[in-house]
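Structure record follows, encoded as C-alpha cells.
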Amino acid sequence: MKFEQYKMLKEHALAACAAAGAPFPATKEINPILLAYIGDVVFSMYVRLRLLPTSKHVRIVHDIGSKMVSAVCQCQAMQQLEAGLSEEESVIFRRGRNAKSMVPKSASVHEYRMATAFEALLGWLFLEEREERLQEVMDLSFDIISKYMQENHKK
Numbered sequence: 214m215k216f217e218q219y220k221m222l223k224e225h226a227l228a229a230c231a232a233a234g235a236p237f238p239a240t241k242e243i244n245p246i247l248l249a250y251i252g253d254v255v256f257s258m259y260v261r262l263r264l265l266p267t268s269k270h271v272r273i274v275h276d277i278g279s280k281m282v283s284a285v286c287q288c289q290a291m292q293q294l295e296a297g298l299s300e301e302e303s304v305i306f307r308r309g310r311n312a313k314s315m316v317p318k319s320a321s322v323h324e325y326r327m328a329t330a331f332e333a334l335l336g337w338l339f340l341e342e343r344e345e346r347l348q349e350v351m352d353l354s355f356d357i358i359s360k361y362m363q364e365n366h367k368k
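Under my numbering, think of the first position of the sequence shown as 214, with each following residue one higher.
Here it is as C-alpha cells:
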C-alpha cells in the first residue's frame, strides 16, 4: 500500500470513529485479520484474568501469559479444537487460516496461520455475542495450553 493511500484510509477510519452511531459491519463482512485482532484482545484479557490469582508477581503472570497467547501455544489449542467446530465456526476458522498476513520469526508459517484462525474464531464469537460458546472455547484452550506448557517446561 502506498503512503498516500494509507493516509487516506487512516483519515477515513478516524472520521468513522468520530461519527456518532456509525453502523457496525456484519461479522461475515469483517476482514478475518480484524476478527483476529479482536480475538487477540479477548483471549489476552481472558488469560490475564485466569492467571491473576496464581501469583502476586507481575513478572511471573506476564511471562506465563505472554507464552500462553503466543502463536505456538494457540496453534496447539486450535489443532485440538478444530474437529469439534460447528460448520459455521469452521468457515471462520478457514477464513482466518487462509488470510494473508506477515508471519513473525517467533513461529512457523503453519503455527501463525493456525493462531490467526484461533483468534479470528474468538473475535467472531465475541462480536456475534455467542458468550457461552466463547467461554467454552477459551476454557478448553486454556486447559490445552496449560497442559502443553507443563509438558514442555519439563524438557
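Just so it is clear, CB atoms sit at the ideal spot from N, CA and C, and this is done for glycine as well. Model, not experiment: these values are computed from the prediction.
With DSSP run on the structure shown, which of helix, strand or coil describes residue i?
i	result
residue 282	coil
residue 249	helix
residue 298	coil
residue 261	helix
residue 172	Beyond the ends of the chain as shown, which are 214 and 368, falls residue 172; an answer cannot be given.
residue 305	helix
residue 311	helix
residue 239	coil
residue 225	helix
residue 215	coil
residue 269	coil
For a quick check, are the C-beta atoms of residue i and residue j less than 8 Å apart?
i	j	result
residue 326	residue 310	yes
residue 246	residue 328	no
residue 332	residue 229	no
Counting Cβ pairs closer than 8 Å, one from the stretch 282-296 and one from the stretch 349-358, do we hit at least three? yes
Secondary structure, alpha helix (DSSP H): runs of 4+ residues fully inside the stretch 317-367: Positions of the alpha helix (DSSP H) runs, each at least 4 residues long and wholly inside the stretch 317-367, are given as 322-340 and 344-366 in order along the chain.
For the stretch 339-353 against the stretch 264-273, are there 3 or more C-beta pairs whose distance is under 8 Å? no
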